[in-house]
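Each remark here refers to the structure printed beneath this line.
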Amino acid sequence: MRTLARRIGFYLLTAVAAVTVDFLIPRVIPGNPLDAVLAHTQGQVITKATLRALEVQFGTHSKTGQWGQYLHYWSNLAHGNLGVSTSEGMVPVTTVIRGALPWTLGLVGTATVLSFILGTLLGILIAWRRGTWLDNLLPATTFFQAAPYFFLAFLAIDLFAIKLAWFPSGSARGILDFPAVNWTYISDVLDHAILPALTIVVASGAGWIVGMRNVMVTTMDEDYVLMAQAKGLPKRRVIWYAARNAILPSISGFSLAIGFVVSGALLTEIVFSYPGLGFVLLNAVQEADYALLQGVFLVITMAVLLANLAADFVYVFLDPRTRQEA
Amino acid sequence: MSAARSAATRDGEPLLDVRGLCADYGAGPGAVHAVMDADLMLHRGEVLGLAGESGSGKSTLAYAITRLLRAPGIITAGSVRYHSGSGQSIDLLAADEHQLRVLRWSQISVVMQSAMNALNPVISIGSQLTDVLRAHVPGMSKAGRRARAAELLTMVGITTDRLGSYPHELSGGMRQRVMIAMAVALQPEVVIMDEPTTALDVVTQREILQELAELRERLGFAVLFITHDLSLLIEIADSIAVMYAGRLVERAEAAALFRAPRHPYSLGLLSSFPPLHGPRRPMTGIPGSPPDLRNLPAGCAFHPRCSYVMDRCRTDLPPLLELTEGPGRQAACWLQDGSAPAPAELALPVPPAGRVTAAGQLQAGAARLDQVNLRSRS
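As structure tokens, then:
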């Protein structure tokens with residue numbers, strides 16, 4: 019238990035550092051949000067009062083020192099105020115993120131979990147049946163991993179969305195622009211998600227397969243696996259003896275992958291015009307939307323930290339050797 | 037317990053009959069012949085020692101018998117008949133997967149050299165003990181399995197609160213005890229021990245051997261004991277088979293082998309270890325090193341290291357000859373074929389056979405180890 023308390027303390031410290039870095043980022047990159055807004059006005063008349071109001075809003079000419087700004091930033095954060103997005107029509111950043119996050123979590127999250135589960139199971143199977151035709155799956159999956167993702171995605175769109183017209187080629191939903199809990203809406207959302215999710219699973223699955231297969235092959239040579247066979251245990255139990263140990267390295271990789279789900283599969287969301295957080299991030303960069311950038315970064319960092327913390331908990335649960343005090 | 041007792045009364049009946057067993061690593065012309073033409077007979081309640089240097093094929097032979105050879109190991113010839121208590125006999129090499137699974141552990145269990153590696157690091161001791169019960173005793177309740185696991189631990193002198201422990205939380209000796217408790221969980225007829233005490237210090241070795249002796253006394257199982265330590269075998273085994281370069285080269289009762297070895301290799305092994313009791317012998321060892329199994333010398337594989345080598349040894353492979361002095365006494369050496377008197381060291385008289393019980397010998401072995409330990413400490 020003390021081990022976990024110490025881990026939590028460590029993650030809290032890291033979170034504070036991450037927030038601090040997030041505070042510093044817009045202050046060290048050139049330009050300022052006011053210029054970005056003005057660039058957007060495109061010929062509209064800006065009165066002195068408007069300019070003044072914007073200055074106050076962004077605090078660009080504020081007399082407060084850096085330290086004061088930093089404290090103010092924390093206070094805003096505590097109130098859930100991440101500022102307004104200049105590129106999305108002065109909407110609060112939290113609203114923009116809240117609108118995009120579910121799509122990303124739904125699509126990339128499901129695809130990542132699916133890819134991990136399928137890849138790991140296939141890895142176990144290929145290792146167990148080493149020397150059979152299943153070995154041929156390895157180079158095939160590695161090909162999908164090595165091929166540039168956008169190329170793969172475009173191919174998928176060309177084949178399945180345009181030539182065969184099985185799936186829509188972009189966006190997250192069709193005509194129904196409002197969420198509803200009925201089959202029409204759900205099937206529409208699924209219809210839009212299948213193709214991008216499939217490309218993610220195909221492209222990232224190989225990593226899980228190869229990782230799991232390689233560790234599994236070495237684990238199968240361990241004495242305790244031979245022992246499980248000598249004990250006359252059912253085959254499934256013998257595989258479990260090996261897999262239970264072989265999965266440990268994959269768990270670390272999975273926690274990282276889960277953390278990065280939040281940042282969205284940037285390429286996927288661009289190629290499929292999927293309105294997730296990755297798409298928002300790309301827009302924020304292109305439009306120099308400082309507050310939105312900051313907000314997205316913060317969400318991503320926190321998600322990575324949380325995923326790692328969760329992985330630590332799971333690891334302690336799965337591997338008794340990590341429970342010992344160092 | 038009653039099953040084990042009735043087995044003990046049938047001591048001496050054949051239990052495991054190995055004939056002409058050959059095991060290779062790899063296939064085709066590059067195959068390494070790790071075990072060649074091995075005949076072995078384990079009787080009910082007997083302790084059979086299998087001795088030899090590293091790479092002599094003794095572990096390969098044991099794992100081939102149980103069909104546990106790892107890839108690329110394959111069995112190329114021979115038969116292994118297991119005579120179960122009910123009078124049935126099964127050829128283990130022809131058994132299908134289901135038959136094997138049922139037979140394993142309930143009839144033949146294994147204790148491996150390194151308990152640290154043989155115990156699964158992420159599964160608790162308790163569930164590693166109960167999973168054999170779950171697999172082999174389908175009717176047993178969860179509480180029943182738990183109670184049996186606790187009983188087994190107590191049997192080897194480990195407190196039952198250790199059921200929830202993981203292997204890394206136990207000492208080396210405790211781990212090996214857990215392995216032994218596991219091995220007898222289903223009261224098997226045969227326990228194969230692959231250097232069970234080699235990784236332990238002498239004090240722990242002594243305790244473990246003591247424990248084994250007591251368990252054998254209670255449960256009456258037969259033991260195939262594999263070790264390179266011939267002097268240890270002399271103390272605990274009823275009979276001994278010596279292996280060299282994949283072949284059995286000598287077979288004898290333990291006392292006979294110790295007092296009157298008939299193969300130069302056995303003699304060499306005996307002079308490589310300080311005897312645990314009896315008169316001191318000069319320790320000479322065996323010159324050279326074990327041969328490369330991919331490139332065995334012609335004739336007798338031992339001839340390049342043998343100080344009694346004759347011309348014939350360089351060309352002709354000696355068969356395992358039945359010696360005249362008694363049943364079960366065999367040696368694969370041209371010196372013993374009767375064409376000429378053997379050198380004095382290899383023709384010592386066999387002591388009168390006063391067959392000591394195996395358990396008694398185990399205990400004696402433990403006590404002797406104790407003496408060695410005291411001697412080395414003083």
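Those protein sequences? They're chains A and B, same order as listed. All residue numbers for the first sequence refer to my numbering, where the first residue is 19 and numbers rise by one. All residue numbers for the second sequence refer to my numbering, where the first residue is 37 and numbers rise by one. All residues carry an ideal CB built from backbone N, CA and C; glycine is no exception.
Taking 8 Å as the threshold (beta carbon to beta carbon), is residue i in contact with chain B?
| i | result |
| --- | --- |
| Tyr167 (chain A) | no |
| Pro349 (chain A) | Absent from the model: residue 349 (chain A). The displayed extent of chain A is 19 to 344, so no value can be given. |
| Arg116 (chain A) | no |
| Arg255 (chain A) | yes |
| Asn154 (chain A) | no |
Rounded to a whole number of angstroms, what is the C-alpha to C-alpha distance between residue i and residue j?
| i | j | result |
| --- | --- | --- |
| Ala249 (chain B) | Ile276 (chain A) | 55 Å |
| Asp330 (chain A) | Ala151 (chain B) | 28 Å |
| Ile26 (chain A) | Leu84 (chain B) | 57 Å |
| Phe315 (chain A) | Arg213 (chain B) | 55 Å |
| Arg137 (chain B) | Ala67 (chain B) | 28 Å |
| Glu361 (chain B) | Ala296 (chain B) | 11 Å |
| Glu205 (chain B) | Trp370 (chain B) | 53 Å |
| Asp209 (chain A) | Val37 (chain A) | 38 Å |
| Val100 (chain A) | Ser201 (chain B) | First, the residue type needs correcting, since residue 100 (chain A) is Leu and not Val in the sequence shown. Spanning the two alpha carbons is a distance of roughly 49 Å. |
| Ser90 (chain B) | Gly162 (chain B) | 34 Å |
| Gly81 (chain B) | Gly256 (chain B) | 6 Å |
| Val285 (chain B) | Arg365 (chain B) | 11 Å |
| Glu289 (chain B) | Gly109 (chain B) | 30 Å |
| Ala217 (chain B) | Leu188 (chain B) | 5 Å |
| Ser142 (chain B) | Phe28 (chain A) | 50 Å |
| Pro327 (chain B) | Met279 (chain B) | 13 Å |
| Met210 (chain B) | Pro385 (chain B) | 42 Å |
| Val173 (chain B) | Gln164 (chain B) | 15 Å |
| Glu49 (chain B) | Val71 (chain B) | 26 Å |
| Glu271 (chain B) | Val158 (chain B) | 37 Å |
| Pro44 (chain A) | Tyr308 (chain A) | 6 Å |
| Trp146 (chain A) | Ala260 (chain A) | 10 Å |
| Val111 (chain A) | Leu310 (chain A) | 5 Å |
With 8 Å as the threshold, decide whether the Cβ of residue i is near any Cβ in chain A.
| i | result |
| --- | --- |
| Thr234 (chain B) | no |
| Trp370 (chain B) | no |
| Leu86 (chain B) | no |
| Thr263 (chain B) | no |
| Arg106 (chain B) | yes |
| Ser142 (chain B) | yes |
| Met148 (chain B) | yes |
| Thr96 (chain B) | no |
| Gly390 (chain B) | For Gly390 (chain B), the predicted model reports a pLDDT of 48, less than 50, meaning its position is unreliable and no value from the coordinates is stated. |
| Arg213 (chain B) | no |
| Val138 (chain B) | yes |
| His339 (chain B) | no |
| Thr320 (chain B) | no |
| His134 (chain B) | no |
| His204 (chain B) | yes |
| Thr393 (chain B) | In this prediction, Thr393 (chain B) has a pLDDT of 48, which is less than 50 and means its spatial position is unreliable; what the coordinates show is noted afterwards. Not closer than 8 Å to any Cβ of chain A, the Cβ of Thr393 (chain B) fails to qualify, so no. |
| Leu102 (chain B) | According to the sequence provided, residue 102 (chain B) is Thr. The question's Leu does not apply to it. For Thr102 (chain B), the answer is yes, since a Cβ of chain A falls inside 8 Å of its Cβ. |
At a threshold of 7 Å, does residue i count as lining the ligand PLP (C-beta to nearest heavy atom)?
| i | result |
| --- | --- |
| Gly117 (chain A) | The ligand PLP is absent from the structure shown, which contains no ligands of any kind. |
Q) Between the region 225-252 of chain A and chain B, which residues of the former have a C-beta closer than 8 Å to a C-beta of the latter? A) Asp239, Glu240, Asp241, Tyr242, Leu244, Met245, Ala246, Gln247, Ala248, Lys249, Gly250, Leu251, Pro252
Q: Could you pull out every unbroken alpha helix (DSSP H) segment of at least 4 residues lying fully inside the region 279-324 of chain B, listed in chain order?
A: 290-295, 300-306
Q) Looking at chain B, which residues of the region 259-284 of chain A have a Cβ within less than 7 Å of any of its Cβ atoms? A) Tyr259, Arg262, Asn263
**Q.** Proximal residues, the region 150-177 of chain B versus chain A, C-beta separation under 8 Å
**A.** Ser150, Asn153, Ala154, Leu155, Asn156, Pro157, Val158, Ile159, Ser160, Asp167, Val168, Ala171, His172
Q. Between the region 321-341 of chain A and chain B, which residues of the former have a C-beta closer than 8 Å to a C-beta of the latter?
A. Leu336, Asp337, Pro338, Arg339
(Q) Just to confirm the assignment: which complete alpha helix (DSSP H) runs, minimum length 4, are found wholly within the region 53-127 of chain A? (A) 66-76, 84-96, 111-122
Q: List in chain order: all unbroken beta strand (DSSP E) runs of 3+ residues lying wholly within the region 125-152 of chain A.
A: none
Q. Three or more C-beta pairs closer than 8 Å, one from the region 317-334 of chain A and one from the region 158-173 of chain A: is that the case here?
A. no
Q. Whole beta strand (DSSP E) runs in the region 86-170 of chain B with 3 or more residues, listed along the chain?
A. 109-119, 125-127, 144-147
**Q.** Ordered list of beta strand (DSSP E) runs contained in the region 161-187 of chain A, each at least 3 residues
**A.** none
**Q.** Touching by the beta-carbon criterion (3+ pairs, under 8 Å), the region 210-230 of chain A and the region 126-135 of chain A
**A.** yes
(Q) For the structure I just gave you, are there three or more beta carbon pairs, one from the region 260-274 of chain B and one from the region 170-184 of chain B, closer than 8 Å? (A) no
Q | Where the region 179-202 of chain B meets chain A: residues whose CB sits under 8 Å from a CB there | A | Tyr202
**Q.** Runs of alpha helix (DSSP H) wholly within the region 234-317 of chain A (minimum 4 residues, chain order)
**A.** 241-248, 253-264, 266-277, 284-289, 295-304
Q: Check whether the region 305-320 of chain A touches the region 244-261 of chain A, counting contact only when three or more Cβ pairs, one atom from each stretch, lie closer than 8 Å.
A: no
Q: Evaluate the contact criterion for the region 103-121 of chain B versus the region 336-353 of chain B: three or more CB pairs, one atom per stretch, below 8 Å.
A: no
Q. Does the count of Cβ pairs from the region 45-59 of chain B and the region 232-239 of chain B closer than 8 Å reach three?
A. no
Q: Check whether the region 236-246 of chain A touches the region 84-95 of chain A, taking contact to mean three or more Cβ pairs, one atom from each stretch, closer than 8 Å.
A: no
Q) Within the chosen definition, does the region 262-272 of chain B reach the region 293-307 of chain B through at least 3 CB pairs nearer than 8 Å? A) yes
Q.
Using a Cβ-Cβ cutoff of 9 Å, what residues of the region 107-131 of chain B are near chain A? List them in chain order.
A. Ala107
Q | Inter-stretch contact at 8 Å, needing at least 3 Cβ pairs: the region 288-297 of chain A / the region 113-125 of chain A | A | yes
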